[in-house]
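Asks: All letters in the sequence shown, in the order written, are residues 2 to 551 by the working numbering. Even glycine gets a Cβ: it sits at the ideal position worked out from N, Cα and C.
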Amino acid sequence: MNQQPRESGSTEQYDVVVIGAGVSGMYALHHLREMGLSVRVYDGATDVGGTWWYNRYPGARVDGPGSPFYCYTFSEELMQEWNWKETQSEQSAVLEYLEHVADRFDLRRDIQFETWVQDARYDEAAQCWTVETNTGVRASAPFLICAVGALSTTNRPDIPGIHDFAGECYHTGSWPHEPVSFKGKRVAVIGTGSSGVQSIPEIARKADHVTVLQRTPQFAFPCGNRPVTPEDLADARENWEDFRAKMYAHTAGFPFDTHERMAMDDTPEERRALYEKLWQRGSFQFFLEGYNDIAISEEANASLADFVRDKIREIVQDPKTADKLMPDHFVITKRPILDNGYFESFNRDNVTLVDLREDPIERFTANSVVTRSGEHPIDMLVLATGFDAISGSMLRLNPKGRDGVTLKERWQDRFHNYLGLTIGGFPNLFMIHGPGSPGVFYNMPLGAERQMDWIGHCMRHLKEQKLGAIEPTADSEEAWANEVSALANITLFPRTDSWWTGANIPGKPRYFSVYLGGSIYYQRIYDMADQGYKGFVFEQARHVDDAEAS
Ligand code: NA7
């Protein structure tokens with residue numbers, strides 16, 4: 002294959018087109034270049050970072066298990082030289098890391114920024130994908146990799162009058178690059194997921210007044226941010242091979258131990274003691290090192306839910322406000338939230354909580370939000386309303402596969418796919434962190450590496466066997482769908498409305514679309530490869546490529 006782009010008419014020719022220059026697309030580019038392939042990456046932003054480029058709202062930080070293990074693992078040198086400062090890195094620190102990766106591996110020369118892919122279409126005769134962009138650039142390649150992000154397509158609520166609101170309006174998922182001043186302003190925040198919970202305390206410290214418009218009360222846990230000490234870094238560096246092996250083996254891709262006890266194995270006193278210890282330490286270890294049946298057993302779940310509800314009552318001074326903040330779903334069945342003083346914010350005089358379940362929004366005016374109980378004058382509206390997650394960015398791209406069938410048509414009732422990587426009728430298209438993969442339930446940089454390595458393996462197989470196209474069979478897609486659902490149905494996750502189930506987007510198929518097998522997934526996808534790519538069908542290559550011809 003050829004490392005140089007080729008021109009055919011006004012269409013640039015590459016071996017692979019990648020859409021997205023976030024964590025996944027950046028690694029895809031690096032890996033494919035190492036394979037000797039010519040690659041072009043397109044991204045709408047002005048620089049690398051994807052999610053970390055867009056989500057620069059106040060308080061944004063890593064809210065999963067954190068640094069130094071929320072990172073790439075492909076380069077030991079990268080690990081050895083990068084100094085993480087905090088366990089729950091701020092958005093700017095993660096972006097700095099990704100910019101460093103782009104510099105270090107000279108990624109930007111193959112990325113075209115400020116370029117949206119508006120159309121992606123498969124040509125069956127030519128066995129290739131052609132993408133059209135908003136800059137007029139058109140490119141073709143046998144392979145298309147969609148690294149479009151699981152949390153990229155913002156969800157903007159359609160509330161009467163919202164477009165008449167004349168004040169400043171920002172979505173946390175596409176926050177301005179210029180500084181936003183809250184000084185002297187009355188701010189309304191819609192949404193109390195991770196973004197709302199992270200931003201509300203920060204906004205409350207600066208604004209004149211904050212009105213929190215809450216639809217669903219949330220469980221939130223102390224983020225437990227602490228400095229990454231020189232000793233932590235030295236340990237990670239000296240024992241990097243061991244840490245890396247542990248990450249590969251761990252169900253969520255982090256080098257942590259898992260707790261082998263179930264909640265009811267312990268007495269109520271022992272349970273509370275463990276919860277209290279984990280609460281004091283904070284961080285995502287609460288879930289990874291807590292009881293292993295919280296997401297499975299109703300009784301176990303209730304024991305933790307009660308503990309957190311008690312904490313909310315302890316922290317929030319006004320009992321009526323505390324009542325409104327009481328979550329009533331199974332704990333952790335919405336994305337667990339790590340907070341930095343969220344519940345304490347409601348003890349401030351300048352923060353008001355509106356419970357939209359009893360006092361719904363009726364409309365916006367030019368300078369207020371009107372709920373059933375009355376009008377709240379505001380200068381700024383912050384939409385912390387989340388994303389059309391996991392499948393939303395693929396649907397926004399809406400590629401056209403065989404016979405011009407669009408992904409929207411193919412995915413009307415369910416996000417049909419095989420191994421979370423490929424889609425029937427869309428040959429040679431690969432998704433990273435798409436539906437049907439562990440995606441958002443796994444260390445995302447590591448997950449991207451592992452999926453991309455498999456994709457590279459698959460491309461090599463096609464090349465060696467002189468095959469021109471690969472796609473899954475309908476049977477294998479159905480079997481995979483059953484496996485995804487069977488795993489999810491063991492748990493309580495499908496029983497709660499969340500962006501994991503698509504319930505946050507009106508009209509979206511409602512089912513739990515993440516593969517919950519954790520690291521077993523990576524064994525499964527390589528097993529399929531070892532069995533001759535079981536579940537796929539192939540077409541012979543119709544064209545001899547330039548490299549072979551020369
Ligand atoms: P989330 O977790 O989807 O939270 C969105 C919030 O916005 C949530 O509280 C929603 O309530 C609320 N929402 C959404 N639409 C509306 C309308 N129309 N009216 C009122 N409230 C609404 O998104 P985040 O950005 O906070 O977090 C996404 C992930 O990014 C996060 O998990 C991290 O991984 C990073 P609901 O709960 O649906 O009733």
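(1) Taking 8 Å as the limit between beta carbons, can you name the residues of its chain near threonine 74, skipping five residues before and five after?
(2) Taking 7 Å as the cut-off, is the CB of isoleucine 391 close to at least one heavy atom of ligand 1?
(3) Skipping 5 residues on each side, what residues in its chain have a beta carbon closer than 6 Å to that of alanine 504?
(4) Quick one: what's got a C-beta closer than 7 Å to arginine 543's C-beta in the same chain, skipping five residues either side?
(5) Mapping the DSSP letters down to three states, classify tyrosine 15 as helix, strand or coil.
(6) Should glycine 533 be labelled buried (16 or more other beta-carbon atoms within 10 Å of its own) or exposed?
(7) Looking at phenylalanine 308 and arginine 262, is the spacing between their C-beta atoms short of 8 Å?
(8) Take cysteine 224 and list the residues in its own chain whose beta-carbon comes closer than 8 Å to its own, dropping the five residues that flank it on each side.
(9) If we ignore side chains and look at the alpha-carbon of each, how far apart do aspartate 356 and threonine 322 end up?
(10) Could you have a look at glutamate 549 and say whether DSSP puts it in helix, strand or coil?
(11) Give a yes or no on whether 8 Å exceeds the smallest Cβ distance from glycine 150 to chain C.
(12) Tell me the DSSP bridge mates of serine 130?
(13) So, helix, strand or coil for tyrosine 534, using DSSP?
(14) Out of curiosity, what's the CA-to-CA distance linking glycine 67 and valine 229?
(15) Whole angstroms is fine: what's the gap from alanine 548's alpha carbon to threonine 47's?
(16) For the structure I just gave you, are there three or more beta carbon pairs, one from the segment 404-411 and one from the segment 158-165, closer than 8 Å?
(17) Nearest CA to the CA of cysteine 147: which residue from Asn399, Glu345 and Ala306?
(18) In whole angstroms, what separates the C-alpha of proline 473 from that of threonine 423?
(19) Which first and last residues belong to the beta strand (DSSP E) in which valine 371 is found?
(20) Taking 8 Å as the threshold (C-beta atoms), are leucine 145 and leucine 420 in contact?
(21) Let me confirm a value: alanine 167 is counted as buried when at least 16 other C-beta atoms fall within 10 Å, else exposed. Which label applies?
(22) Consult DSSP for phenylalanine 388 and reduce its assignment to one of helix, strand or coil.
(23) Quick check on glutamate 78: buried or exposed, where buried means 16 or more other Cβ atoms within 10 Å of its Cβ?
(24) Look at the Cβ atom of alanine 29, then the Cβ atom of valine 18, and state whether they are nearer than 8 Å.
(25) Please say whether valine 95 and valine 118 have beta carbons closer to each other than 8 Å?
(26) Where alanine 487 and tyrosine 516 are concerned, what is the direct C-alpha to C-alpha distance, given to the nearest angstrom?
(27) Which residue's Cα is closest to the Cα of aspartate 236: Thr154, Ser369 and Trp85?
(28) Using the rule of at least 16 other Cβ atoms within 10 Å of the residue's Cβ for burial, across every protein chain shown, is glutamine 318 buried or exposed?
(29) Serine 304 and alanine 264: beta carbons closer than 8 Å?
(30) Among Lys535, Leu99, Gly375 and Leu396, which residue has its Cα nearest to the Cα of aspartate 462?
(31) With burial defined as no fewer than 16 other Cβ atoms inside 10 Å of the residue's Cβ, what is the status of glycine 137: buried or exposed?
(32) Just verifying my parser: in three-state terms, what is the DSSP assignment at alanine 480?
(33) Taking valine 352 as part of the beta strand (DSSP E), name the residues at either end of that continuous run.
(34) In chain order, what residues of the same chain lie with their CB nearer than 7 Å to the CB of lysine 186, ignoring the 5 residues before and after it?
(35) Between the C-alpha atoms of phenylalanine 347 and leucine 354, what's the straight-line distance to the nearest angstrom?
Replies: A quick look at the data gives this:
(1) Here the set comprises Met80, Arg245, Met248, Pro446, Leu447 and Glu450.
(2) Between ligand 1 and the CB of isoleucine 391, the shortest heavy atom gap is not smaller than 7 Å.
(3) Asp498 and Arg511.
(4) In chain order, Gln128 and Gly469 place their CB closer than 7 Å to the CB of arginine 543, counting only its own chain and leaving out the 5 sequence neighbours on each side.
(5) If DSSP states are grouped into helix, strand and coil, tyrosine 15 belongs with coil.
(6) By the neighbour-count rule (16 or more Cβ atoms within 10 Å), glycine 533 is not buried but exposed.
(7) No, they are not a contact pair.
(8) The residues are Arg62, Asp64, Gln89, Gly283, Ser284, Leu339, Asp340 and Asn341.
(9) Pairing aspartate 356 with threonine 322, the inter-Cα distance amounts to about 9 Å.
(10) Unreliable positioning characterises glutamate 549 in this predicted model, as indicated by a pLDDT of 49, which lies under 50. The coordinate reading is nonetheless provided below. The answer is helix: DSSP assigns glutamate 549 an H, G or I state.
(11) In the displayed structure, chain C is absent; only one protein chain is listed.
(12) In the sequence on display, residue 130 carries tryptophan and not serine. Residue pairing from DSSP places tryptophan 130 in a beta bridge opposite Tyr123 and Ala142.
(13) Tyrosine 534: coil per DSSP, three-state reduction.
(14) Between glycine 67 and valine 229, the alpha-carbon positions lie close to 10 Å from each other.
(15) At alanine 548, the pLDDT of 41 sits below 50, so the modelled position is not reliable and the matter cannot be decided from this model.
(16) At 8 Å Cβ cutoff, the stretches do not touch.
(17) Nearest neighbour of cysteine 147 by Cα position, chosen from Asn399, Glu345 and Ala306, turns out to be Asn399.
(18) Computed Cα separation, rounded: 7 Å.
(19) Run containing valine 371: 369-372, per the beta strand (DSSP E) assignment.
(20) Not closer than 8 Å, so no.
(21) Here alanine 167 is exposed, its C-beta having fewer than 16 other C-beta atoms within 10 Å.
(22) Three-state DSSP puts phenylalanine 388 in a strand.
(23) Of the other Cβ atoms in all chains shown, fewer than 16 fall within 10 Å of the Cβ of glutamate 78; this residue is therefore exposed.
(24) Not closer than 8 Å, so no.
(25) No, Cβ-Cβ distance for valine 118 and valine 95 is not below 8 Å.
(26) When rounded, the distance between both Cα atoms is 10 Å.
(27) Per the Cα distances, Trp85.
(28) Label assigned to glutamine 318: exposed.
(29) The Cβ atoms of serine 304 and alanine 264 sit closer than 8 Å to each other.
(30) Note on identity: in this sequence residue 462 is histidine, with aspartate being the wrong assignment. That would be Lys535, whose Cα lies nearest to the Cα of histidine 462.
(31) Its Cβ having fewer than 16 others within 10 Å, glycine 137 is exposed.
(32) Residue state for alanine 480 is assigned as helix, using DSSP reduced to three classes.
(33) Taken as a continuous stretch (DSSP letters only), the beta strand (DSSP E) holding valine 352 covers 352-356.
(34) Cβ-Cβ distances below 7 Å link lysine 186 to Ala208, Asp209, Asp380 and Met381 in the same chain, with the five nearest sequence neighbours on each side left out; the list follows chain order.
(35) If you draw a straight line from the Cα of phenylalanine 347 to the Cα of leucine 354, it comes to about 7 Å.
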